[in-house]
Structure formats: structure tokens, C-alpha cells
Amino acid sequence: MADIVIVASAFGVAQVHEQGHHAYVPVAASAGAAGFEVRRELLPAALDGAVSTDALAALGRLIAAHGLWSVYSTPATLYTDAGALDCEAVRGALAEAETVGARIVKFQLGGFAGDASAEVLAKLLRGARARVLVENGQAAVGGSLAQFRELFAALEAAGVANLLGMTFDVGNWQWPGEAPLACAQALAPYVEYIHCKGVAGEGARRFAVAPAGNDARFAEVLAALPGDVPRGIEFPFDTVDLAADAHRHVTWLKAA
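Note that UniProt numbering gives residue 255 to position 255 of the sequence shown, counting from 1, and the numbers run on in steps of one.
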């Protein structure tokens, strides 16, 4: 049975901004989750954008004290818009992930355009304690199936196919117009973490929702992906009874 991770934003972006990640760690633990995903964009930052090392370390201790392991999610991209490896962003995120004690650090792909810079990337990731994963985003750049095919093909060609893995976000594929099932079938060998959510709305007005229990398309995508990798809840919980709704969805996703 796969570990279930609760993404901090599932508790509400405004609520986490206001109350802090630490307020929701106990709720995630009591809901039966195995992991908790820290969202860098929801952490308080200084004027220069830096996150307090002491605050990160304290959050990591709190997560561990509740028997959870952590994912550190950063909006930073592996590659710049121009297609170059963003070494500074990678180093910064790895340092933050280590401070919080994360098992996984999750990046966005960015403007990858065929050159994986595998040797440089290998040097950057050497010694990293967290497993580095790259996630499909909601924009056409960083969210296309072709980019991910090319990335993993380039890593395989360079003999470093195990250098990094993938976070497969089931819902995000719909923003750039990709078919989630086709993406799952193509990328399953690289997937090490799954972000689970349904999508409602059309065009730019799409938003994340809990998948319906009878959503056959969602079930087909899950079935096409590895069944033993962690599954993250990224859709918003019902705030009327937050704890009960979190527990219900953790239980459901374990069995899905």
C-alpha cells in the first residue's frame, strides 16, 4: 500500500499563509498520512526572498516528532526560460530541503529544450540527501509530455537515467492540454511520487478538486502508474470539518 502525503496547500493557501505549516502538521498525522509536503511559496520569507533556516529546521523537527516524513516543494525550476540548467536555484533548494530534513525535494522543469547538462546536474545532485524529482507544471513550458520524454531520454543517453525521478501531477496535465492517461503510460517508469487531484472548470478558470469516487479516468491514470510510490493529496479539504475530511480522503486514497 502506498504512503499518503498531505500537501500543505490542501488545508487552504490563505490558512497556511496565516497560521503557518506547523498548525497543520498534527492534523496530517491524525488523519493517517505518512508524509507532509512543505510548500516553499507558503513559507514566510524575508524581503530578499530568503526563508529562515531556523524556522525550516524547527518545522522539520515538528514533522518528524509527529511520525511523518517530508517532501520539500519548491517553485524553482531546474532549467531557466532560456533552457540553461539553473545551478543557483538547484543549490538553494537542496540546502533548504536538507535543513527541513526532506526525503524528497520537488522542482518544476522550466524551459528544458533538449540539453540535460547531465554532467553538471550530476555534480549538483551528488551528495544530496533528498531524492530530487521534477514535476509537470500547468504551463505549456514545463508541462508538455514532449519535454519530459526528451529529458529522460537525454539522461538515459548520458548513462545517468537514475539521476532524478518524476512527480506526476494527474491534474496539471489538463492545463496545457495533455491527456493524463497517455502521459502516465509514457512516463510511468520514471514516476516516484504522484500528486492526486481532479480538475473542474475550463480554460484559465480551472481549479483543483477532489476526484470523484466514481471517476473512471482518474482510476485509469492511477492504474497506469506505479502502485507503490507515495500519493500526495493536493486538492482542498472541506473546511467545515477539516480533520474528518482529511481522514476520509487519506483512507480513500490508500485504497484507490
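Glycine included, C-beta positions come from ideal geometry on N, C-alpha and C.
Among Ala10, Asp3, Ala82, which has the Cα closest to the Cα of Asp238?
Residue 238 sits at position 238 when you count from the first residue of the sequence shown. Ranking the options by Cα distance to Asp238, first place goes to Ala10.
Within 8 Å, strictly: CB atoms of Arg103 and Ala130
Translated into positions along the sequence shown, residue 103 becomes position 103. Translated into positions along the sequence shown, residue 130 becomes position 130. Taking 8 Å as the Cβ cut-off, Arg103 and Ala130 qualify as a contacting pair.
Since Gly16 contacts Val100 with CB under 8 Å, what's their CB separation in whole angstroms?
As a first step, residue 16 must be located in the sequence shown, where it is residue number 16. As a first step, residue 100 must be located in the sequence shown, where it is residue number 100. In the sequence under discussion, the amino acid at residue 16 is Val, which differs from the Gly named in the question. That belief does not hold up - the Cβ atoms of Val16 and Val100 are roughly 15 Å apart, past 8 Å.
Helix, strand or coil at Asp169 [DSSP, three-state]:
For the purposes of this step, residue 169 is taken as residue 169 along the sequence shown, with counting starting at 1. Here Asp169 sits in strand by DSSP.
With a CB to CB cut of under 6 Å and the five nearest residues on each side skipped, what residues in its chain are close to Glu178?
Position 178 of the sequence shown holds residue 178. Here the set comprises Leu145.
Could you tell me the distance, in whole angstroms, from the CA atom of Leu109 to the CA atom of Tyr190?
As a working note, residue 109 is residue 109 in the sequence shown. As a working note, residue 190 is residue 190 in the sequence shown. Rounded to the nearest angstrom, the two C-alpha atoms are 14 Å apart.
Skipping 5 residues on each side, what residues in its chain have a beta carbon closer than 8 Å to that of Val5?
Start at 1 with the first residue of the sequence shown, and residue 5 comes out as number 5. Close CB contacts of Val5 within its chain, under the 8 Å cut and outside five residues either way in sequence, are with Ala33, Ala34, Gly35, Phe36, Glu37, Val71, Tyr193, Pro230, Arg231, Gly232, Ile233 (chain order).
Residue of Val120, Leu125, Leu62, Gly137 minimising C-alpha distance to Ala93:
In the sequence shown, the residue the question calls residue 93 occupies position 93. Of the listed residues, the one whose Cα sits closest to Ala93 is Leu125.
Take Asn214 and list the residues in its own chain whose beta-carbon comes closer than 6 Å to its own, dropping the five residues that flank it on each side.
Working through the sequence shown from its first residue, we reach residue 214 at position 214. Contacts found: none.
Taking buried to mean at least 16 other C-beta atoms within 10 Å of its own C-beta, is Asn162 buried or exposed?
The residue given as residue 162 occupies position 162 in the sequence shown. So Asn162 counts as exposed.
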